[in-house]
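All remarks here apply to the structure that follows.
Take a look at the structure:
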């Protein structure tokens with residue numbers, strides 16, 4: 365018993381050292397924003413996070429959300445700062461503040477006006493998901509009964525995102541639409557928060573083939589502990605989550621895998637129902653009566669428990685270099701080369717996946 369306790373304390377010390385010195389990036393958080401969530405991210409040692417400010421919202425609603433974020437950036441400047449560039453993330457680490465990467469989980473706020481992308485980019489939006497679960501003007505979501513593929517408008521949208529340097533996310537996008545986006549994109553794209561379908565069949569999970577194809581084109585995969593997508597659902601544990609990460613690493617390689625928690629801290633059942641209805645108010649694309657409030661895995665049930673992931677990796681005997689990469693290391697190799705995928709995020713997005721000569725001052 366004493367030997368086991370000593371070993372556990374040793375692993376904890378190693379994990380604490382790795383976590384403290386590393387850049388830690390959460391590829392997607394969709395919590396109920398406010399000081400308590402920012403404090404939780406700060407306490408968890410998160411250097412930067414992709415913070416959702418649009419799911420189903422239209423232009424006016426999204427602009428209001430961004431305005432609120434700017435108010436928070438002023439009010440809570442002691443612990444958070446806006447991220448526009450890779451250098452901002454490095455600065456967040458030095459300043460011991462949480463870098464806020466504004467992100468959208470849908471293109472609903474663009475409506476049919478491509479010019480809004482430039483406005484969002486100027487405001488600091490770094491990553492946008494093409495569709496959210498169902499059909500929109502760009503293409504089909506993963507719950508759509510018929511995957512229509514990337515639309516003509518979607519092609520124009522993709523080209524403009526590539527041009528101005530907004531990262532393209534495909535986590536909730538249908539398989540055919542995703543494939544067409546990957547093929548058409550001039551920049552690598554990401555799955556910011558997914559789990560492997562091989563371990564749990566679910567419309568939101570990605571097949572081995574999908575994961576391989578995205579990473580073969582220079583893309584990046586963030587693995588989520590969202591319970592519905594793990595092997596044991598709401599009864600999943602931290603070990604189930606590590607199994608999912610391990611599985612994706614085996615397919616994609618440790619240089620192309622990170623973390624995107626999809627934490628929903630502070631939200632209740634009404635939020636879950638809102639996100640599971642088409643456009644937030646229409647047809648449910650799952651049986652609403654079967655929806656349970658997600659219970660994140662024991663061991664990583666809250667944002668503040670993020671360091672437990674690092675501890676679990678150490679306990680599994682993973683090398684420090686691999687752990688540092690997965691929790692958010694700033695550089696990544698890829699089939700397209702480090703310059704092309706200059707600043708990969710753990711899970712999504714912080715990445716300055718823009719341009720072939722990316723530098724630390726380049727926009728995310």
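In the numbering used here, the protein residues as written are 365 to 728.
Quick reminder that beta carbons are idealized off the backbone N, C-alpha and C, glycines included.
Distance between residue 491 and residue 680, taken at the CA atoms: about 32 Å. When the five nearest sequence neighbours on each side are left out, the beta carbons in the same chain lying within less than 6 Å of the beta carbon of residue 379 are those of 674, 675 and 678, in order along the chain.
Here the C-alpha atom of residue 633 lies approximately 32 Å from the C-alpha atom of residue 513.
Residue 642 is not a Cβ neighbour of residue 422, given a cutoff of 9 Å. Residue pairing by DSSP puts residue 414 in a beta bridge opposite 465.
When the five nearest sequence neighbours on each side are left out, the beta carbons in the same chain lying within less than 7 Å of the beta carbon of residue 528 are those of 481, 482 and 485, in order along the chain. By the 16-neighbour rule on beta-carbons within 10 angstroms, residue 508 is buried. By alpha-carbon distance to residue 471, the top candidate from 464, 493 and 381 is 493. Straight-line spacing of the CA atoms in residue 554 and residue 689 works out to 16 Å.
Beta-bridge pairing by DSSP links residue 532 to 492. Counting other Cβ atoms within 10 Å of its Cβ, residue 596 stays below 16 and is therefore classed as exposed. Taking C-alpha positions only, residue 515 is separated from residue 524 by approximately 14 Å. Taking 9 Å as the cut-off, the Cβ atoms of residue 661 and residue 589 count as close.
Excluding sequence positions up to five before and after residue 535, its CB lies within less than 7 Å of the CB of 493, 555, 556, 557 and 558, all in the same chain and listed in chain order. Annotation: the continuous beta strand (DSSP E) that includes residue 584 extends over 584-587.
Under the three-state reduction of DSSP, residue 472 is assigned to helix.
The beta carbons of residue 624 and residue 586 sit closer together than 9 Å. For the options 383, 407, 649 and 425, the alpha carbon positioned closest to that of residue 687 is the one of 383.
Secondary structure in the segment 595-633: the alpha helix (DSSP H) runs of 4 residues or longer, each lying completely within the stretch, are 602-616 in chain order. Of the residues 488, 461 and 502, the one whose Cα lies closest to the Cα of residue 478 is 502.
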